[in-house]
Amino acid sequence: MAKGNRTGIVRLATALLIVAASLSARPRFDEALELQRKGRLKEARELLQADAAEFRAAADHRNLARALSMSGRISLSLGDYRSAILDARQAIDVRRGLKDETGIGEDFNTLGLAHQYLGNYPEALQNYRQALQIDQAHGDAEGAVTLLNNIGNIFFFQGHYLDALRSYQEALDRVNAAPREPWNPWRRQLTTANLATLYQRLGREQAALELYRQLAKTPGAMPADEQAQLLLNEGVLYRRMGDPVKALELYRASQALFATSKHRDGEIGALRNTGIALAVDLHDLSGALGAFGAALKLARESSNTRGEVQAGLYRGETLRLLRRLPEAARDSQMALDGAQKAGLAEEQWKALYALGRIAEDEGQAARALDDYSKAIEIIESVRAGLRLSLRSEFLADKRDVYDSLIALRLRESAPSVPEIFRWIERSRARTLRERLGAAPTATDPALEAIQARLAPDTVLLDCWMGSGSSATLWITASGAGVVRHSAPPGQIHDLVGQLDAAVQGTGDAWRGLARALGDQVLAGVPRRAHVIVVPDGPLSLVPFELLVIPGGNALLIERSDVAYLPSAQFVAPPARTMWLLPWRRQLVAFGDPPVSPDDALGGAERWQRLPASAAEVRGIAHLLPGRSEIHLGADARKRYLLDRRLAGVPLLHFSTHAIVDRENPDRSRILLAPDSPAMAYDYIFQEEVFGLDLKGAALVTVSACDTARGKVIRGEGAQAFSRAFLAAGASATVTSLWRVADQPSADFMRQLYYFLAQGQSKAQALRSAKLQFLRSGSLASPRYWAAFVLTGDGWNPCPRAIGWGLMAGVPVALLAVSALLARLLRLPHK
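With positions in the sequence shown counted from 1, the corresponding number in the working numbering is that position plus 245.
Okay, here's the thing in structure tokens:
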């Protein structure tokens, strides 16, 4: 009995203590929020932690969960990620007891952010997915959009760009589905900013810039830290587009906003980008070292693994430039170790590339080659995981790694030509090859395989333009060699620009430039009747036919025909001449489409009619013995291209206007006639050309301005109509490198088709037409003929048509043969 009374007394005392605690534990959330708004984060957290202890003692679980959640979020802002994880986990445990699913979702998001900043990406991804599942179950569209963006960020950091794109796009779809929600402007900006960042990483600057312009039209919706991130991303884009001063201004504004909102990860990123602009663009290495050092210090204080890796990576590069190589190697190795531990694909290849350059500076060539090779393995692995449309510009900013390896190989005492060829081809026209069916992981062919496809009288010139050196690799059926250019790449680039301007003007200034450039890229190259050129970088703008052969005065066109290829892998073996029956179409041609003064897509061109265009089309149709289908004026309609009526037609010809967009190749377009009389004009865009079915087309000719030009992407080459028609299945194209006059172009095309009709190969026919002009007197200037270049299979002739006259003669010949045989049978025998 006494024991029972004693137990009752204890319980009563405990109950009284709980009541007392609950009376003293009055929520001070508003006070904590006010401290947070004033930037007094540590005081706010201390207040919440004190409240949490009292709520725990009072068994006030609801307020305890709220205090822990708020404390965890403040710890994130302070960069104290481990405390944030501890608070969020405790909050989740309490909320589970309360069955507060919505609150649990918020705490899982906090956990995800903390793990993200610590570089624990698998844990972060799991936390975000748990939070997303809860938000979706409760119909929280805003929370789902936020979490889809966070999930996309994790994929982005790991180099899983296709998964990131899918996540961001799903977030944008949900934003678009809720246009009237008050949170819509903010979340739209957040998602659009992430998409812009992804496009930047993939090298699609124009697409990113367009998204930033959209964001600029709706300012003020985002909180300070997200506005800061937008400024930071925009600064990166301005720097990439060549304006480091504007970029630095945006970086510093971004850093100030991040510091105000106590966003440590963002502040680290702003400092890092400030250092990059100072070091690379403004050559202020000491200033850059200070920025990277500050970023590294801040990352270590907040246990931000990714920030620490990136700051160490860039500080190491700055130390390398200052020739402090041991310190540079230490920082770069630290960055590599951290990136491998956290699974950061982008930072791993960058760290290996940095270590390779340090090893090269120290004279350790073997170690440098090993580091470069490992970096390329990671790059290739990430690229293979992208869908085709995202691969086109992926290697552009990574080409330096391939170039460093090639340059190192070239400096060897006895360079291995097969090895150099393999690495050159690894970084050459990959996306075009994949459009035509090659697998992303397909191995590059051996040099011997290319040699086996070359005719004995053919030489292939595989050009390579690195940042510090350049070379021409020549290949014949029986040999191969590599010749390093004596002039630095910058000088060759200047020669190309000067020649490009001179050849489009009047006078003979181009000859001296053609001689100087020929001395560089043709020196040591065997002379052959047929030349195949795989250009690189600025050499994509050069008509090699104009170059003077070293040691003489002859132009290359006077000795050889020339064809161009995006990659040596496009070399196909010689084929037999194909014949067409007379009822098969040999040519489909479009010309003289209507022009309109209100053509919104014509830009500043102010199209004029092309008086010679219709005559050009009729003239080439007359020259060919086979059946021709021509569409002129209002009948030159785009729909004839899109309804698969071109299948099996060997010759496709356009005589019209074209616009080449140097920033966005997909917007390049060829003028055609509209289907409806109510429309004044129509175009086929370059992105639509990729979708045409041109299998069986031996030659597509685009007699229009600039159609061999386009945005030059390092490694991929000029994204021009010539490439688009090859990707659609055509064997070869004839396009132009500059603006061409109407009447001379029409005359040139008639010459080209005359020689094609005579059975010459495509490259031979183009050479014959050029020689006719070169020797004509009035049209001898290269501006009239040198613009037209042949890309693709130039060594095989086009299919030839059997004329009706020949077909009609076949029965007569058979009757004659039969009569002769009968007569012979009647002769007497011995």
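C-beta atoms are modelled at their ideal positions from N, C-alpha and C, and glycine is treated no differently.
In this text, all values refer to a predicted model and were calculated from it rather than measured experimentally.
- Secondary structure of Q831 (DSSP, three-state): strand.
- Counting only residues of its own chain and dropping the five nearest sequence neighbours on each side, D927 has a CB closer than 6 Å to the CB of K883, L917, P919.
- Spanning the alpha carbons of I777 and V807 requires a straight line of approximately 6 Å.
- Under DSSP, G1037 takes part in a beta bridge, and its partners are A977.
- Around the CB of W824, fewer than 16 other CB atoms lie within 10 Å, so the residue is classed as exposed.
- In the three-state scheme derived from DSSP, where H, G and I count as helix and E and B as strand, H738 is classed as helix.
- When DSSP reads this structure, R872 sits in a beta bridge with R830.
- Using a Cβ distance threshold of 9 Å, E346 and A382 count as a contacting pair.
- One thing to note: L705 has its Cβ no nearer than 9 Å to the Cβ of I669.
- Looking at the DSSP output, P367 bridges to nothing.
- The beta carbons of L997 and F1033 sit closer together than 9 Å.
- Q1003 counts as exposed, since fewer than 16 other beta carbons sit within 10 angstroms of its beta carbon.
- Counting C-beta atoms within 10 angstroms of its own C-beta, G342 has fewer than 16 neighbours from the protein chains shown and is therefore classed as exposed.
- In terms of Cβ geometry, F401 and Y373 do not form a close pair [threshold 9 Å].
- When DSSP states are grouped into helix, strand and coil, W668 belongs to the helix group.
- The DSSP-derived three-state label of H775 is strand.
- Your pair G711 and I794 does not check out as a contact, with CB atoms roughly 25 Å apart and the cut at 8 Å.
- If you draw a 10 Å sphere on the C-beta of W431, you find 16 or more other C-beta atoms in it, and that means buried.
- Check the Cα spacing between P734 and each of G588, E276, V766: the tightest is with V766.
- Closest option to E471, judged by alpha-carbon separation, among P1042, R509, A452: R509.
- The three-state secondary structure of W824, taken from DSSP, is strand.
- Within the DSSP secondary-structure output, P1042 pairs in a beta bridge with S1006.
- The segment 484-491 makes contact with the segment 520-527, as at least three CB pairs between them are under 8 Å.
- In the DSSP assignment, A533 falls within the unbroken alpha helix (DSSP H) covering 530-546.
- If you draw a straight line from the Cα of L1016 to the Cα of A1025, it comes to about 9 Å.
- Look at S715 here: in three-state DSSP terms it is strand.
- For A453, the CB contacts under 6 Å within the same chain, skipping 5 residues up- and downstream, are A441, Y444, Q445, L482 in chain order.
- Each residue's CA atom was taken as its position, placing S618 and G682 some 26 Å apart.
- Fewer than three Cβ pairs drawn from the segment 829-840 and the segment 810-821 lie within less than 8 Å of each other, which leaves the two stretches out of contact.
- Non-local C-beta neighbours of G601 in its own chain, meaning closer than 6 Å and more than five positions away in sequence, comprise A613, D616, Y617, ordered along the chain.
- Secondary-structure assignment with DSSP links M710 through a beta bridge to S715.
- Here the alpha carbon of R497 sits roughly 24 Å from the alpha carbon of D325.
- The C-alpha of G936 is placed about 44 Å away from the C-alpha of H360.
- At a Cβ-Cβ threshold of 9 Å, W1040 and T703 count as neighbours.
- Note: S841 is not bridge-paired with any residue in the DSSP secondary-structure output.
- DSSP places R1020 in the coil class of the three-state scheme, outside both helix and strand.
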